[in-house]
Amino acid sequence: MTATPTGGEHPGDDLSALLDGELSSAEEAAVQAHLVGCLACRHEMEAVSVARQWVRALPPVDAPFGLYERMLVPYRPRRRRLAMAMVGAAAAVAAVLVSVAPAPQAPVDPSVATLIEAHATSASVDGDPVTNLAPAGVPVSIHR
Amino acid sequence: MPDGTVPSWEEVARDHGRFLYTVAFRLTGNDDDAQDLVQEVLLRVRKGLETYRPGSLEGWLSRITTNTFLDEVRRRRRRPTDPLPENPDRALPPSMAADEALAGGALPDDVQSALRALPADYRAAVVLCDVVGLPYQEIADALDVPVGTVRSRIHRGRAMLRQVLA
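From first to last, the protein sequence lines are chains W and X.
According to the numbering used here, the stretch in the first sequence is residues 369 to 512, in order.
According to the numbering used here, the stretch in the second sequence is residues 344 to 509, in order.
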């Protein structure tokens with residue numbers, strides 16, 4: 369604290385303590401009384417009050433995704449980690465293959481004919497009315 | 344958790360992960376150092392290096408985090424080849440527009456940069472007070488300094504913040 373021309377003392381650190389509710393009521397009254405007559409201290413009070421609000425308004429920060437999960441890894445049993453890694457590697461290889469290789473266009477004609485035959489056979493047994501709409505032996509209309 | 348039982352680090356990570364990371368981020372000012380700090384804190388908790396006093400678990404955690412941070416700052420200071428976490432040349436934020444300052448608003452990134460420009464001891468006191476919300480006496484216990492020192496660091500820290508972001 370610094371002596372003022374009038375013999376009082378600038379509150380200094382007590383200004384922040386006042387904002388934080390850390391002063392006794394007697395101390396608080398003394399600081400308030402000083403503030404009334406001291407422009408410099410009112411400015412100082414305003415400055416620390418603004419800074420205090422800034423920091424208090426800072427939002428909580430989420431930990432990066434996986435930070436705590438990664439810390440669990442070193443304590444996981446070794447074999448399981450290896451198995452997990454292999455599953456992961458296999459999945460990665462499969463993903464690469466799927467993305468690189470174009471899906472082969474399998475010739476479908478014979479199997480469609482087979483399916484129709486099979487359907488017609490089972491439908492004739494079950495009495496499926498669809499059989500009437502798609503009688504057996506018409507692969508030509510599909511086959512062109 | 345029964346009173347007096349030291350919480351496991353898994354409990355800390357599960358129930359207080361966000362709080363812990365927030366304190367670490369406000370102290371260090373960047374993600375890499377914050378992650379390192381969090382890991383070191385959990386390691387200390389796991390090894391049982393920190394005496395647990397039943398009470399506010401977050402107060403206990405922020406004490407460990409702050410002291411781990413200050414230890415690291417001192418360690419790097421002794422080995423100047425490591426970059427200091429406080430480097431005013433790098434940490435000085437852009438000045439705020441006057442109208443923004445007048446409106447009382449400040450962008451979180453700017454406030455974070457300004458915090459980083461404070462000496463580590465001041466920053467620790469300000470974070471414990473204004474981010475964690477600890478009373479002065481608890482901050483004094485956490486930092487192992489007299490309450491008068493806490494009072495002074497908080498006040499000067501705030502005054503510097505206001506100047507940096509003026």
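Each residue gets a CB set at the ideal place from its N, CA and C atoms; glycine is no exception.
Alpha-carbon spacing of residue i relative to residue j, whole angstroms
i: Arg410/W; j: Leu435/W; result: 45 Å
i: Leu363/X; j: Val399/W; result: 36 Å
i: Pro489/X; j: Arg406/X; result: 15 Å
i: Arg284/X; j: Thr411/X; result: Here chain X covers residues 344 to 509 and nothing more, so residue 284/X does not appear.
i: Arg396/X; j: Gln480/X; result: 15 Å
i: Pro350/X; j: Val388/X; result: 8 Å
i: Leu477/X; j: Asn373/X; result: 23 Å
i: Arg496/X; j: Ala463/X; result: 10 Å
i: Pro353/X; j: Asp379/X; result: The sequence shown places Glu at residue 353/X, not Pro. Between Glu353/X and Asp379/X, the C-alpha separation is close to 17 Å.
i: Arg357/X; j: Leu486/X; result: 26 Å
i: Val418/W; j: Val429/W; result: 22 Å
i: Pro432/W; j: Ser393/W; result: 44 Å
i: Asp414/X; j: Ala467/X; result: 12 Å
i: Ala558/X; j: Lys390/X; result: Chain X is shown only over 344 to 509; residue 558/X falls outside these bounds and no answer can be derived.
i: Leu391/W; j: His402/W; result: 14 Å
i: Asp388/W; j: Gln421/W; result: 11 Å
i: Val470/X; j: Val423/W; result: 8 Å
i: Ala441/X; j: Val381/X; result: Summary for Ala441/X: the model assigns pLDDT 47, below 50, so the residue's position carries little reliability, and this model does not support an answer.
i: Ala472/X; j: Gly491/X; result: Checking the sequence shown, residue 472/X turns out to be Cys, not Ala. For Cys472/X and Gly491/X, the distance between alpha carbons rounds to 14 Å.
i: Arg433/X; j: Ile482/X; result: Confidence in Arg433/X is poor, its pLDDT being 43 and thus under 50, which makes the residue's placement too unreliable to answer from.
i: Gly448/X; j: Leu508/X; result: 11 Å
i: Thr348/X; j: Trp403/X; result: 13 Å
i: Arg422/X; j: Ala397/W; result: 48 Å
i: Ser399/X; j: Val493/X; result: 20 Å
i: Met365/W; j: Val416/W; result: There is simply no residue 365/W to check, as chain W begins at 369 and stops at 512 in what is shown.
i: Thr355/X; j: Arg361/X; result: The question names Thr, but residue 355/X is Val in the sequence shown. The straight-line gap from Cα to Cα measures roughly 10 Å.
i: Leu457/W; j: Val366/X; result: A small correction: the amino acid at residue 457/W is Ala; Leu does not occupy that position in the sequence shown. So the alpha carbons of these two residues sit roughly 37 Å apart.
i: Asp452/X; j: Ala462/W; result: 43 Å
i: Ala515/W; j: Val416/X; result: Beyond the ends of chain W as shown, which are 369 and 512, falls residue 515/W; an answer cannot be given.
i: Arg437/W; j: Asp484/X; result: It should be noted that the sequence gives Glu, not Arg, for residue 437/W. Using only the alpha carbons, I get a separation of about 32 Å.
i: Phe368/X; j: Glu383/X; result: 14 Å
i: Glu395/W; j: Asp375/X; result: 43 Å
Nearest-angstrom Cβ-Cβ length linking residue i and residue j, presumed shorter than 8 Å
i: Met503/X; j: Leu461/X; result: 6 Å
i: Leu385/X; j: Thr409/X; result: Not really, about 15 Å apart at Cβ, beyond 8 Å.
i: Val474/X; j: Leu426/W; result: 7 Å
i: Tyr465/X; j: Arg499/X; result: 6 Å
i: Arg519/X; j: Ser384/W; result: A question about residue 519/X goes unanswered here, because the residues of chain X that appear run from 344 up to 509.
i: Glu401/X; j: His359/X; result: 6 Å
CB contact below 8 Å: residue i versus chain A
i: Gly434/W; result: Given the protein chain composition of this structure (W and X), no chain A is represented.
For the pair the segment 391–408 of chain W and the segment 452–467 of chain X, tell me if three or more CB-CB distances fall below 8 Å. no
Can you confirm whether the segment 380–389 of chain W touches the segment 411–431 of chain W when touching is taken to mean that 3 or more C-beta pairs between the two stretches lie within less than 8 Å? yes
Using a beta-carbon distance cut-off of less than 8 Å, what residues from the segment 380–392 of chain X approach chain W? Val381, Gln382, Leu385
Tell me which residues of the segment 459–475 of chain X have at least one Cβ-Cβ distance to chain W shorter than 9 Å, keeping chain order. Val469, Val470, Cys472, Asp473, Val474
Closer than 8 Å between beta carbons: that is the criterion. Which residues of the segment 390–412 of chain W meet it against chain X? Glu390, Glu412
Check distances from the C-beta atoms of the segment 414–434 of chain W to those of chain X and list, in chain order, the residues that come in under 7 Å. Ala415, Val416, Val418, Ala419, Arg420, Gln421, Trp422, Val423, Arg424, Leu426, Pro427, Pro428, Val429, Asp430, Ala431, Pro432
Please name the residues in the segment 368–379 of chain X whose beta-carbon is closer than 9 Å to at least one beta-carbon of chain W, in chain order. Phe368, Arg369, Asp374, Ala377, Gln378
Mind listing which residues of the segment 378–390 of chain W have their C-beta closer than 8 Å to chain X's C-betas, in chain order? Gly380, Asp381, Asp382, Leu383, Ser384, Ala385, Asp388, Glu390
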